[in-house]
Amino acid sequence: MTDARTSRPHEVQPASTRRQFLLSTGASAGALAFAAAIGLPFAASQAFAFTPPAGGGLDAFTALSQQLTGRTHLDAALASRIYGALAKADSAFVSDVAALNAWLKTHAGVPSDTVTAALASEDARLSKTVGHIMRAWYLGLVGEEPTVQVLAYEHALMFDPVSDVLTIPSYCRDVPFYWVQKPVGV
Amino acid sequence: MANNPSADVVIVGSGVAGGLVAHQLALAGASVIILEAGPRIPRWQIVENFRNSPAKNDFATPYPSMPYAPHPEYAPENGYLIQKGDYPYNSQYLRLVGGTTWHWAAAAWRLLPSDFKLKTAYGVGRDWPFPYEALEPWYYAAEVELGVSGPDTAIDLGSPRSKPYPMQQLPLSYMDARFSEVLNGNGFTVVPEPVARNSRPYDERPTCCGNNNCMPICPIAAMYNGVVHAEKAEKAGAKLIAQAVVYRIEADDKGLISAVHYKDPSGGTTRVTGKLFVLAANGIETPKLMLMSTSGKFPHGVGNRSDQVGRNLMDHPGTGVSFLANEALWPGRGPMEMTSVVNFRDGAFRSDYASKKLHLSNGVPTMAVASALIGKGLTGAELDRQIRDRAARTLTINSFHEHLPEPQNRIVPSADRKDALGIPQPEIYYSINDYVKKSAANTHELYAQIADLFGGTEVAFDDRFAPNNHIMGTTIMGGDPNDSVVDADCRTHDHQNLFLATSGVMPSAASVNCTLTIAALALRLAAKLKREL
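Chains as they are written, first to last, in the numbering used here: chain A, 13 to 198; chain B, 523 to 1055.
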């Protein structure tokens, strides 16, 4: 996982491997370039056979999270914390994980980016659970006011797609005045 | 000292105003006591509090309100400010050692010469009792003390300077440079903003490295905070007592202030005597304290013969816009704010509607963008793709509109709502007049023009008036003791040895952040007090 304090792009990878991001590019070329830009294997951004562990344990949650986030690797310690927090917050969460994995398995052709829309009409509750899982991984937050828990900040997934350009607020990502340069890919 | 503390100068409040006065007087050899209502919180703890906050867009969350010295909180709301007016005044301020400049954009603007003579020039509001030129040397002194970087003299900011900025301006981000290029010459004048942020090592603090967290906490102190001078004052010999909540000012029958009284967090009281007293507890707590301090001789409170204490509350009612530009600009690289649109700060229109400043946000948009997309149900690769696309293209612009001093906009101590120490909470009566509304309608049009210049889509206007925590006017300065609280020296008309160091004294709000003016007035006051020791 990227460490905010050592994520200077010029140290992480040579310029020649940095990917262009094309704003107006549709579909494949852009998607592939983008998957590469955030360090994913190409396959991860495409539909693939989904064979989750049965039941609703941590492994099943991790498999589900990988499918929903489009990632082949997720931080194991964070997965455990998120799973624990969501299971504690909602007694039906464990069975929701099993149900979502079963649903995804029988909808193997549904890529992760249309899951919520596809689910919304079939099972509103499961659709909502997807939202809770995504919020936990991307924003690092579980629960509602006034008892929102912060499980992640530096390692929240929201920062991945822009980590080659933007800092994680409060961290210094580069030398003073780096911001004068035109960002790569603009 | 422990039981009967006394000093040449007793200062209430340890923010930028109190800290500067304390530092100057301690350097001059005076004995100084600073009484701060809030706690002392080290910078590292504030940074940790931020990273662990569930409401990171609320800049107050890293600074928890204390039961003995509450301040307004909104995530969730603690109800400290009691809203009684037409329009809510959901202002923030902080109570801790160093004060509210722990979080700010560090915008260090001077007022314009015309801002000092609004009544004379445009027939609205009030004039200051002295011209811009009288404050100019103190503006420069404040720029040196705070460490201000700003553009060279080739760029006219409208406020004549006797000397260049102490530091060169920080180079603009790609986005800010592009924003300037697109707007300049199209009916807008965009300039680099002068900021109390280091463009080189200065005053033993480092160069800004773009942590992009000016609000709510600069982790490396490249940005100035009031705590700098609170700590300098201590090093120079001032005694700073934290968690000392002043609740009463004691005046003798001749009108001289003889003491202030404070409570510690457990309610124990202490009387502090001195020769000179300075109130520097912001534009809400300062008038609240004065109005609470009633006595047989002063039944309407200290310094309130004019009935103006707590009145004329002004802020900079702000509106905003955000849109997607048709090119990737990448806000979020560098400090949180670098440029402003300044050609609506002055003009004949001020007789009719409010002046204003517009400013482009350079805050990292990742969290807001991701949060909105997750709310819409996006997952997987499409979520990542859209986070990147929108983070690159989301522009946000906000504004400050000039508020006029109106006596019905006021703060009073609540008669029935009290904090944990039994001290009345502030009750606020606030309204937005047509002078502001007319200007804001024009600002809305300007926002649309700017969005057009960038081929903007999904243009979202926020026309609600947000307070900007620039609390002004509530202890207003003027030459006439019948309609003002302090004179041109920031001395209360009613009490020879009571002085105010706060934006509460400002007779006009103008359209720019008030901190540099607070600092300039504080340094000017300190020079005056040195002669009175």
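All C-beta atoms, glycine included, are put in the ideal place defined by N, C-alpha and C.
Q | Euclidean distance between Cα positions of A59 of chain A and W191 of chain A | A | Note that A59 of chain A scores a pLDDT of 47, beneath 50, so its modelled location is shaky; the value from the coordinates is reported in the next line. Looking at the two C-alpha atoms, the distance is approximately 37 Å.
Q. Should D1058 of chain B be flagged as near chain A, meaning a C-beta pair shorter than 8 Å?
A. An answer regarding residue 1058 of chain B cannot be provided, because it is not within the stretch 523 to 1055 covered by chain B.
Q) What residues are listed by DSSP as bridge partners for S671 of chain B? A) B:M689 and B:V717
Q) CA-CA distance, F73 of chain A and A629 of chain B? A) 47 Å
Q) Under a CB-based cut-off of 8 Å, is P839 of chain B close to chain A? A) no
**Q.** Reference E859 of chain B, options B:D874, B:R648 and B:V886, closest by Cα
**A.** B:V886
Q | D984 of chain B, enclosing alpha helix (DSSP H) - first and last residue | A | Run containing D984 of chain B: none in the alpha helix (DSSP H); it sits in the beta strand (DSSP E), T979 to A988.
(Q) With a threshold of 8 Å between beta carbons, is A16 of chain A in contact with chain B? (A) In this predicted model, A16 of chain A has a pLDDT of only 48, less than 50, meaning its place in the structure is not dependable enough to derive any value.
(Q) I need the straight-line Cα distance from R185 of chain A to C736 of chain B, nearest angstrom please. (A) 15 Å
(Q) Excluding the 5 residues flanking G38 of chain A on each side, which residues of the same chain have their C-beta closer than 6 Å to its C-beta? (A) Only weak support exists for where G38 of chain A lies, its pLDDT of 34 falling under 50; the coordinates are left without a value.
Q: Specify whether the region 538-553 of chain B and the region 1044-1055 of chain B touch according to this definition: at least 3 beta carbon pairs, one from each stretch, less than 8 Å apart.
A: yes
Q. Quick one: any contact between the region 885-902 of chain B and the region 976-995 of chain B, if contact means 3 or more CB pairs under 8 Å?
A. no
Q.
Checking the sheet assignment: what are the DSSP bridge partners for E859 of chain B?
A. B:S883
**Q.** Inter-residue Cα distance where the pair is V958 of chain B and A803 of chain B
**A.** 27 Å
**Q.** Contact set between P592 of chain B and chain A, taken where Cβ atoms lie within less than 9 Å
**A.** The premise fails here: P592 of chain B is roughly 17 Å from chain A at the closest Cβ pair, so nothing lies under 9 Å.
Q.
Taking the straight line between their C-alpha atoms, what separation do you get for M745 of chain B and Q546 of chain B?
A. 21 Å
Q) List, in order along the chain, the chain A residues whose C-beta lies closer than 7 Å to that of N734 of chain B? A) T179 and P181
Q) Three or more C-beta pairs closer than 8 Å, one from the region 958-977 of chain B and one from the region 865-885 of chain B: is that the case here? A) yes
(Q) For P927 of chain B and L835 of chain B, I'd like the C-alpha separation in whole angstroms. (A) 7 Å
Q | Extent of the continuous beta strand (DSSP E) to which H783 of chain B belongs | A | I779 to K785
Q | Residue range of the unbroken alpha helix (DSSP H) whose run includes E967 of chain B | A | D956 to L975
Q) Does DSSP put V891 of chain B in a helix, in a strand, or in coil? A) helix
Q: Can you give me, in chain order, the residues of the region 141-154 of chain A that have a beta carbon less than 7 Å from any beta carbon in chain B?
A: V142, G143, M146, R147, Y150, L151 and L153
Q: Please check if any C-beta of chain A sits within less than 8 Å of the C-beta of A743 of chain B.
A: no
(Q) To be precise: take each residue of the region 87-101 of chain A, compare its Cβ to all Cβ atoms of chain B, and keep it if any distance is under 7 Å. Which residues remain? (A) none
**Q.** Candidates B:S721, B:H783, B:R907 and B:C730: closest to P814 of chain B by CA position
**A.** Residue 814 of chain B is actually Met in this sequence, not Pro. Ranking the options by Cα distance to M814 of chain B, first place goes to B:H783.
Q. Quick one: what does DSSP say G38 of chain A is sitting in, helix, strand or coil?
A. Caution is warranted here: a pLDDT of 34 is assigned to G38 of chain A, below 50, making its placement in the model unreliable, and the coordinate value is therefore given only provisionally. G38 of chain A: coil per DSSP, three-state reduction.
Q.
Taking the alpha carbon of Y165 of chain A as the reference point, which residue from B:N706, B:N571, B:E753 and B:A627 has its own alpha carbon closest?
A. B:N571
Q | Contact residues within the region 845-874 of chain B, judged by C-beta distance below 7 Å to chain A | A | A850, W852, G854, R855 and G856
Q. What residue from B:Y654, B:V843, B:A577 and B:P589 has the CA that sits closest to Q765 of chain B's CA?
A. B:P589
Q: Report the partner residues of T1014 of chain B according to the DSSP bridge assignment.
A: B:V1008
Q: Answer with yes or no whether the minimum CB distance from F73 of chain A to chain B is below 8 Å.
A: no
Q: Mind reading off the beta-carbon distance from L634 of chain B to S681 of chain B? Whole number of angstroms is fine, and I expect it under 8 Å.
A: 6 Å
Q: Check V569 of chain B in the structure and name its three-state DSSP category.
A: helix
Q. Skipping 5 residues on each side, what residues in its chain have a beta carbon closer than 6 Å to that of R562 of chain B?
A. V619 and A764
Q) Name the chain B residues whose beta carbon is nearer than 8 Å to that of D125 of chain A? A) L900, T901, G902, A903, E904 and L905
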